[in-house]
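Report on the following structure.
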Amino acid sequence: MMENNGQGKEKMNEKSKVYYSDLRTGFNNSLLDKLGKLIERAGISSIDMDGKFVAIKIHFGEPGNLAFLRPNWARVVTDKVRSLGGKPFLTDCNTLYVGGRKNALDHIDAAYSNGFVPYATGAHVIIADGLKGNDETEVEVKGAKHIGKAKIGKAIMDADVVISLTHFKGHESTGFGGALKNLGMGSGSRAGKMEMHAMGKARASKDLCIGCRRCEKICAHGAPTFDKDGKCSIDQEKCVGCGRCISICPKDAIEPASYNSNDELNCRMMEYAKAVVDGRPCFHISIAVDISPNCDCHNENDMPIIPNVGLFASFDPVALDQAAADMCNSMAPNRNSALDEVGEHTHDHFHDIHPDTNWKQGLEYAEEIGLGHRDYELVKVK
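What the sequence shown shows, in my numbering, is residues -13 to 368, in sequence order.
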């Protein structure tokens, strides 16, 4: 039986409900109207939000990428939350890699540049893991096989209610990026992202190191050492893989020494997603438009691999991801897209375009640890 993370409790052996709207509109029925009707029908109003802080977990888009969700979608959700007495804020955590969202100041600049300003969205932007990506809460995950305690952005854990608002698209490591990736990878602090991606140990590049010794100050185990020129090395025997040196280095001279397999990355990401949703009301929305082959974390986006699919909402993030993936896989590839260029198709678009990934394994593990059900009932909302 899946654990209840909202008001949408599923009974034993009962399929999870996933609500779906296509993208057809009339003169007096916009896509924004359809999203509002969809989330209402899916039960968002059954959540007690009165006076509660409501984190709307979203990806603001890496500067240069144009496939991210328009801020107009977020406005529909924030207006609904406010109508229910809630206090919404839009949130994400800083990135582990070099880019335009590595610290809170650059991250907010990116969000504002992409249109997520308060007067447009109806909510402020809060970067959940703070200025440098190390403002985190450690959360024990029941049933986890790979991690002890997940490192989640503190503002996300401080929220009373969590709503995931996800752009459904392909992903080069996990097959696709859906609600569970938005919640798991997206809610991890920089150290948490390292724990999901990497085996834990860090290494330093002497070519990039400027000898500032910030890593030495933040390390509790004495792992950073310095040569006669003041250049850093990481003692692998002392390093415990917390990732704090990676988050603090101003020149990105420190990085993970090795990376997890995609299968283990999927499992760790699901454990992080469970850390976010357990024990409080949660609701999940996926918008399957502009379905690019790769993540919105890239500073570019290739053309969509399939036509736009539609809008999805559910209390069950596993069922939501499964339903969106199934619907996407029923679509024909867009001509001249990266998917169209794949030689032999297996009717699993996300595996075809990224053969080293296995998104099904990720959802199976999510179901195993109690995040939800893969078996679902699709309810169409006109």
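Where is the CB? At the ideal position from N, CA and C, for every residue including glycine.
- The three-state reading of DSSP puts D78 in strand, counting E and B together.
- Shown here, T160 sits in coil according to DSSP, grouped into three states, outside any helix or strand.
- Nearest C-alpha to L357 among K167, K140 and I204: K167.
- Boundaries of the beta strand (DSSP E) harbouring K43: F39 to K43, taken from the DSSP string.
- Distance from the CA of S32 to the CA of A188, rounded to the nearest whole angstrom, comes to 45 angstroms.
- Between H157 and V275, the gap from beta carbon to beta carbon reaches 9 angstroms or more.
- Per DSSP, G296 is one residue of the beta strand (DSSP E) stretching across G296 to S300.
- Counting C-beta atoms within 10 angstroms of its own C-beta, V4 has 16 or more neighbours from the protein chains shown and is therefore classed as buried.
- For L18, same chain residues with a beta-carbon under 7 angstroms away, outside a window of 5 residues either side, are N58 and V62 in chain order.
- Nearest in C-alpha terms to K128, of all of I240, Y258, H284 and H335, is Y258.
- About 6 angstroms separates the beta carbons of F102 and L76, which is inside the 8 angstroms limit, making them a contact pair.
- Within the same chain, no residue comes within 6 angstroms of P236 by CB-CB distance, once the 5 residues on both sides are set aside.
- For Y6, the uninterrupted beta strand (DSSP E) run begins and ends at S2 to S7, by DSSP.
- Around the beta carbon of Q222, a 10 Å sphere encloses fewer than 16 other beta carbons of the protein chains shown; the residue is thus reported as exposed.
- Within the stretch 204 to 280, complete alpha helix (DSSP H) segments of at least 4 residues are found at 230 to 234 and 248 to 263, given in chain order.
- Within the same chain, and ignoring the five residues on either side of T211 in sequence, the residues whose Cβ sits closer than 8 angstroms to its Cβ are C218, S219, I220 and D221.
- Judged by DSSP secondary structure, H337 falls within the alpha helix (DSSP H) whose first and last residues are H335 to I339.
- With a threshold of 16 other beta carbon atoms within 10 Å, N15 falls short and is exposed.
- For F336, the CB contacts under 6 angstroms within the same chain, skipping 5 residues up- and downstream, are G156, G161, F162 and W345 in chain order.
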